[in-house]
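*Asks:* For the sequence shown, the working numbering begins at 1148 and goes up steadily by one. To start, I am sharing the structure in question, which I have written as structure tokens.
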Amino acid sequence: MAFFELVVPDKEDCNTDTKKCKRFGLPEIERLKGKQVIKSIFRNGRKSRSGNLIIIYLLSEKPQAGFVASKKIGGAVKRNRVKRLLREAYRMNKEIFKGLKVIFYAVGPLTHKEILGAFKKFRERG
1148 MAFFELVVPD KEDCNTDTKK CKRFGLPEIE RLKGKQVIKS IFRNGRKSRS GNLIIIYLLS
1208 EKPQAGFVAS KKIGGAVKRN RVKRLLREAY RMNKEIFKGL KVIFYAVGPL THKEILGAFK
1268 KFRERG
């Protein structure tokens, strides 16, 4: 299985008249929301650590994901960058996390390579 293949929107996905293109973001139903849900995952979830990334997960019927970046990473710009990288890596590799509610918790700076390595390690671990 190839990780993170380049995805380019087809011309028919974009309408140049209205400047609207098909979005590749994370659908709202796949986002973790609610303080109680997130707390329960942190409290009761299983943890898998790889470098500066902790993956906390619980079994669930509908897959959902949340993204957290520690202030140890740096200012808001750096934390937001890490969360964007995590979201994109998750979006491109959703099949690894099927049937799970997952929180990706970055406790330090992360690169794209480190994120994919953590995902690979998680997949191999089962």
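All C-beta atoms in this analysis are idealised placements derived from N, C-alpha and C, irrespective of residue type, glycine included.
Run through DSSP, which three-state label would Gly-1198 get?
*Replies:* In the structure shown, Gly-1198 sits in coil (DSSP, three-state: anything other than H, G, I, E or B).
*Asks:* So, with DSSP's three-state summary, where would you put Leu-1257?
*Replies:* Of the three classes helix, strand and coil, the one that applies to Leu-1257 here is coil, per DSSP.
*Asks:* Can you tell me the Cβ-Cβ gap for Ile-1250 and Leu-1179, rounded? I've got them flagged as a contact below 8 Å.
*Replies:* Yes, they are in contact, since the Cβ atoms of Ile-1250 and Leu-1179 sit about 7 Å apart, within 8 Å.
*Asks:* Any idea if Phe-1171 is buried or exposed, counting beta-carbon neighbours within 10 angstroms, 16 or more meaning buried?
*Replies:* Exposed: under 16 other Cβ atoms inside 10 Å.
*Asks:* Using the rule of at least 16 other Cβ atoms within 10 Å of the residue's Cβ for burial, across every protein chain shown, is Leu-1232 buried or exposed?
*Replies:* Label assigned to Leu-1232: buried.
*Asks:* On a Cα-Cα basis, can you pick out the residue from Lys-1248, Gly-1255, Lys-1260, Glu-1261 that is closest to Ser-1207?
*Replies:* Checking every option, the nearest Cα to that of Ser-1207 belongs to Lys-1248.
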